[in-house]
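Notes follow once the structure below has been shown.
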Amino acid sequence: GAGVSQSPSNKVTEKGKDVELRCDPISGHTALYWYRQSLGQGLEFLIYFQGNSAPDKSGLPSDRFSAERTGGSVSTLTIQRTQQEDSAVYLCASSLGAGTVYEQYFGPGTRLTVT
Amino acid sequence: AQSVAQPEDQVNVAEGNPLTVKCTYSVSGNPYLFWYVQYPNRGLQFLLKYITGDNLVKGSYGFEAEFNKSQTSFHLKKPSALVSDSALYFCAVSSTGANNLFFGTGTRLTVIP
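As they're listed, the protein sequences go chains A and B.
As numbered in our numbering, residues 1 to 115 make up the first sequence, in order.
As numbered in our numbering, residues 1001 to 1113 make up the second sequence, in order.
Right, dumping it as structure tokens:
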């Protein structure tokens, strides 16, 4: 079946503008994750959604970052008033169930460049 | 607190030779351990995981990893490297009740023909 898809694949924005990044998880996967991958660094956890439970937002770096997941499927990560340090690849992943015992399937990412 | 160390930024190995990519971890409780691979311009792909049971875990593309509790390690291995194995490899750790994976900084593997 189809994998995790993300859009756009690339986004260039000016400092101070808002951006929205979209993730379509694998059908039937109840868990959804957002990570950020900066150059030369590992993946940094941002937020986790599981079913209808309240999301785990503990990884969001500032209140400029927010995310929602509608209908238990598609998710949108929003970054307000973007800063140059927000430049990174934003990765979405989904998994079959709750908890990290299930392997996560990653999308191709959105490369965000803030000029 | 969870942490993962991949002590080598770069590993070079000749085609046909065995390869090892190192990973050590620190976690409270019993660890869940994962290896992912990232090919150029592609997303991360799951290779293998250790949750419980046999310490030697076999995964995709002929890779395997051994969980060593006393050394808190989970090194990735393959008996005979292929040029197509050249990629960026990430080790990740989690534990029971955790909501996310904690990733290492990655090791770039280059297999030389």
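Glycine included, C-beta positions come from ideal geometry on N, C-alpha and C.
| Check | Outcome |
| --- | --- |
| Pull out every residue of the stretch 22-55 of chain A whose Cβ sits closer than 7 Å to any Cβ of chain B, in chain order. | TYR33, GLN41, GLY42, LEU43, PHE45 and TYR48 |
| Would you call the stretch 1019-1026 of chain B and the stretch 1068-1080 of chain B touching, i.e. three or more CB-CB distances under 8 Å? | yes |
| Determine the chain B residues that contact A:TYR105 at a beta-carbon separation under 8 Å, and present them in chain order. | PHE1046 |
| Check whether the stretch 77-85 of chain A and the stretch 17-26 of chain A touch, using three or more Cβ-Cβ pairs below 8 Å as the test. | yes |
| What does the alpha-carbon distance come out to for the pair B:ASN1012 and B:LEU1109? | 6 Å |
| Can you find a C-beta in chain A that's less than 9 Å from the C-beta of B:ASN1100? | yes |
| To test your reading of the DSSP string, which unbroken beta strand (DSSP E) runs of 3 or more residues are found completely within the stretch 6-88 of chain A? | 10-13, 19-24, 31-37, 43-50, 65-69 and 75-79 |
| Beta carbon of A:ALA93, beta carbon of A:GLY107: below 9 Å? | yes |
| Starting from the beta carbon of A:GLY97, find every residue of chain B whose beta carbon is closer than 8 Å, and list them in chain order. | Under the 8 Å cutoff, chain B gives no residues; its nearest Cβ is about 12 Å from A:GLY97. |
| Please list the partners that A:GLY16 has in chain B, where partner means a Cβ-to-Cβ separation under 9 Å. | Per Cβ cutoff of 9 Å: no residues; A:GLY16 is ~29 Å from chain B at best. |
| B:VAL1111 to B:SER1080, Cα distance in whole Å? | 10 Å |
| For chain B, check one thing: does any of its Cβ atoms lie closer than 9 Å to the Cβ of A:SER75? | no |
| Hey, could you find the ends of the beta strand (DSSP E) B:TYR1032 is sitting in? | 1031-1038 |
| Go through the stretch 1058-1112 of chain B residue by residue and report every complete run of the beta strand (DSSP E) that reaches 3 residues or more, in order. | 1064-1068, 1073-1078, 1087-1095 and 1107-1112 |
| With a threshold of 9 Å between beta carbons, is A:VAL12 in contact with chain B? | no |
| Whose C-beta lies closer than 6 Å to the C-beta of B:LYS1049 among residues of the same chain, with five residues either side of it excluded? | PHE1034 |
| Mind pulling the chain A residues with CB within less than 7 Å of B:LYS1058? | Going along chain A, no residue has its Cβ under 7 Å from B:LYS1058, so there is no contact; the nearest lies around 14 Å. |
| Can you give me the Cβ contacts of A:LYS15 inside the same chain, cut-off strictly under 8 Å, excluding the 5 residues immediately before and after it? | THR82, GLN83, GLN84, VAL114 and THR115 |
| Bridge partners for A:PHE111 per DSSP, in chain order? | Sequence inspection shows Arg at residue 111 of chain A; the Phe mentioned does not correspond to that position. A:ARG111 pairs with A:ASN10 and A:VAL89. |
| Compare the Cα-Cα distances from B:LEU1047 to each of B:ALA1001, B:SER1070, B:SER1095 and B:ASP1085 and report the closest residue. | B:ASP1085 |
| Note down, in chain order, every chain A residue with its Cβ under 7 Å from the Cβ of B:ARG1042. | PRO108 |
| With DSSP as the reference, label B:ASN1055 as helix, strand or coil. | coil |
| In this structure, what does DSSP give as the bridge partners for B:LEU1019? | B:LYS1078 |
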